[in-house]
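Notes follow once the structure below has been shown.
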Amino acid sequence: MLKLRKQNFPIAGHEKLRLYLAYTVAALADTKTPQFQEHNFVPTNNHIQELQESQILPFRDPKVCVSSLLGSRSVFQIRQIHSQLVVNGMLQNLIVANKLLYVYAHHKAMDDAYAMFHRMRGRNAVTWSVMVGGFAKVGDYATSFGIFRELIRCGVTPDNYTLPFVIRACRDMTDLVTGKLIHAVVLKHGLHSDHFVCAALVDMYAKCKLIEDARQLFDNMSSRDLVSWTVMIGAYAECRNAYESLVLFDRMTEEGVVADKVAVVSVVYACAKLGAMHKARLVHDYICRNKFSLDVILGTAMIDMYAKCGSICSARDIFDRMKEKNVISWSAMIGAYGYHGHGSEALEIFRVMLRSGILPNSITFISLLYACSHAGLIEEGLRFFSLMWDEYSIRPDVKHYTCMVDLLGRAGRLDEALRLVESMKIVKDEGLWGALLGACRIHGNVDLAEMAANSLLQLQPQNPGHYVLLSNIFAKAGRWKDVARIRDLMSQRKLKKIPGWTWCEVDNKIFQFSAGDRSHPRSEEIYGMLESLYKKLELAGYVPDTNFVLHEADEEVKVGMLYAHSEKLAIAFGLLATSNETPIRITKNLRVCGDCHTFSKFVSALTERVIIVRDANRFHHFKKGACSCGDYW
DNA sequence: GGGAAGTAAC
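Straight run, no breaks: the first sequence in full-length UniProt numbering ends on number 633.
Written out as structure tokens, the structure is:
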């Protein structure tokens with residue numbers, strides 16, 4: 001390698017030499033150096049040191065200054081250059097001064113940047129945007145907003161660089177009030193057509209859960225770039241409308257926008273949310289075709305996708321093929337085994353993880369305890385619960401306690417579960433009470449259920465799901481007056497039962513069903529299939545379980561209500577539209593209804609089909625009249 | 001001379 005010496009330097013002239021050296025510094029920092037490449041020179045860290053020692057950089061040429069700043073490796077180095085720039089009066093040059101601010105911000109040295117910013121007499125749009133963006137990036141939103149306000153006070157017009165930073169700060173704080181104010185500023189300055197500004201606004205509204213507002217802005221964008229698509233796709237997946245995410249992904253592809261890795265991760269995430277197996281395979285193909293490497297982020301997202309689409313084998317295959325795995329990847333795999341009810345595999349992979357030298361974190365233990373509770377591994381669960389603090393100094397939080405309540409409650413050890421809840425010294429949340437209430441439902445403990453439900457309704461009076469669960473428990477015990485009381489409470493509080501949806505994927509198309517739905521083009525056939533199924537099932541001994549109907553009504557009416565639940569419609573459609581060998585895969589947005597669970601068991605026996613149901617909680621594999629959940633869910 | 005979106009449990 002060429003050693004950097006004046007005598008063998010390829011360009012003549014002293015000034016050029018300085019420039020060349022500056023470019024060398026910049027190249028070491030991987031910045032763009034076309035001139036540098038011309039000379040086919042590969043610099044090393046020694047060169048930069050030599051450069052500093054030789055004090056050859058006089059910092060009088062703005063270009064040299066800028067390149068040197070870009071080449072800085074540490075805040076210390078920037079400060080050294082800073083002092084030279086002051087001595088040489090180079091900070092009078094706004095380009096140089098702004099670059100100095102920028103590199104300070106880039107190294108997160110915002111104190112240095114701020115001190116300098118206050119001494120600067122001349123400021124321009126770049127100065128302001130570097131400061132606003134710099135503070136936003138390090139999470140100091142208060143200062144970022146403060147500088148933005150100062151900008152407005154100084155009569156400066158905010159531009160398409162500054163505004164996205166401020167909008168993103170609103171997003172990170174989910175500060176919708178300020179966000180809307182900034183939106184007004186955007187409109188005032190006519191910047192709503194800038195795609196950076198617009199993408200930031202879409203993201204802000206989406207993260208603040210105003211998905212409709214986000215969508216409206218997105219639809220009105222004159223040109224939608226990849227980032228806006230990615231934001232919108234991710235937003236729909238996040239707000240439980242993964243179906244729309246995948247519709248958008250198809251539209252994006254049709255419009256000729258090519259996904260990058262970030263976009264693909266969002267799509268993978270949406271597939272996971274929806275549990276859409278065919279779509280998952282197609283996305284996997286897309287990933288292979290476009291040669292995305294299976295890095296730790298994409299790989300982990302794919303493990304979760306395949307697991308949540310019902311294929312634990314494919315999830316394991318991805319896991320095994322990943323070259324680099326971190327604690328997140330291992331936790332995802334443990335979690336995957338967990339919600340498929342494969343407890344011993346989850347425990348085994350945890351042991352392998354420990355042997356590989358990866359330390360578990362808090363979430364690893366949640367996955368592990370969850371796996372234990374869903375596989376009935378009670379003693380193991382109890383052991384891990386004490387191990388996490390004793391051995392790994394991870395303090396159990398409310399989620400770990402929730403798993404333990406679930407574990408004990410599911411096993412019928414409700415007293416122990418209650419004692420654990422009472423002994424907790426941390427704040428109890430709705431998930432914890434929900435787990436206790438769920439256990440009461442399985443074991444028909446109405447008194448404890450009432451107590452759990454009271455705490456639950458105090459914490460979350462607006463969640464209709466809790467009322468429905470309690471009402472189901474009362475109904476099962478035949479306490480119809482209490483059922484009516486709950487129903488009245490719900491209507492007083494203007495709460496409606498969350499509509500149940502079931503998705504079934506056939507021929508790469510996702511079909512969505514709601515109860516009593518007749519919108520499907522093959523609706524006639526579906527209802528015909530349902531009717532013939534009912535006739536056969538009745539002979540096989542199936543009795544509709546009307547305990548799962550919330551309202552007090554005549555038995556006949558109740559049976560009618562159960563008749564066309566979305567799960568049943570989806571299963572009937574699956575039977576019609578798929579071949580005998582393929583499993584019927586359906587996904588439900590809520591917990592599967594008890595009657596539909598029984599119905600699925602009977603159908604799996606009668607038709608000799610495998611039915612894989614993913615509900616809000618876990619997977620149910622129905623085969624030959626039995627379910628993998630062992631009827632506890 | 002200054003910009004973006006993504007991974008695990010419930």
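Virtual Cβ for every residue (Gly too), placed ideally from N, Cα, C. Please read these numbers as outputs of a predicted model, since none were measured by experiment.
- Under the three-state reduction of DSSP, alanine 452 is assigned to helix.
- Between isoleucine 498 and proline 464 a beta carbon distance of about 6 Å is seen, short of the 8 Å cut, so the two are scored as contacting.
- For serine 373, the enclosing alpha helix (DSSP H) has its first and last residue at 362-375.
- The beta-carbon separation of valine 603 and leucine 533, rounded to 6 Å, stays under the 8 Å limit for a contact.
- The C-beta distance from valine 268 to serine 228 rounds to 19 Å, too long to fall under 8 Å, and the pair is not in contact.
- The continuous stretches of beta strand (DSSP E) do not include histidine 82, which lies in the alpha helix (DSSP H) extending over residues 75-87.
- DSSP places valine 613 inside the beta strand (DSSP E), whose first and last residues are 611-614.
- If you draw a straight line from the Cα of glycine 574 to the Cα of threonine 502, it is about 12 Å long.
- Judged by their CB atoms, arginine 171 and methionine 204 are nearer to each other than the 8 Å cut-off.
- Taking 8 Å as the upper bound for CB-CB distance, threonine 143 and phenylalanine 135 are in contact here, some 4 Å apart.
- Residue Ala605 holds the alpha-carbon nearest to the alpha-carbon of tyrosine 542 among Asp295, Leu437, Ala605.
- Counting every other CB atom within 10 Å of its CB across the protein chains shown gives proline 360 a total of 16 or more, marking it as buried.
- Each of Ser519, His340, Arg591, Val398 was checked against the Cα of aspartate 615, and the nearest Cα belongs to Arg591.
- By the Cβ test, the stretch 521-533 is not in contact with the stretch 579-598, since fewer than three Cβ pairs between them sit closer than 8 Å.
- Between glutamate 567 and cysteine 593, the C-beta gap is smaller than 8 Å, which places the two residues in contact.
- With three or more CB-CB distances shorter than 8 Å, the stretch 332-344 counts as touching the stretch 311-324.
- In the structure shown, glutamate 505 adopts extended strand secondary structure according to DSSP, grouped into three states.
- At a Cβ-Cβ threshold of 8 Å, isoleucine 358 and valine 405 do not count as neighbours.
- Contact check for aspartate 140 against methionine 110 passes: the beta carbons are separated by less than 8 Å.
- Taking all protein chains in view, the Cβ of tryptophan 433 is crowded by 16 or more other Cβ atoms within 10 Å, so the residue is classified as buried.
- Nearest C-alpha to valine 283 among Ser68, Ser72, Tyr161, Cys271: Cys271.
- When secondary structure is reduced to three states using DSSP, serine 266 falls in the helix class.
- DSSP, read as helix, strand or coil, puts arginine 281 in helix.
- In terms of Cβ geometry, aspartate 285 and glutamate 324 do not form a close pair [threshold 8 Å].
- DSSP places isoleucine 233 inside the alpha helix (DSSP H), whose first and last residues are 226-238.
- In terms of CA proximity to lysine 207, Cys239 leads the group Asp320, Cys239, Arg224.
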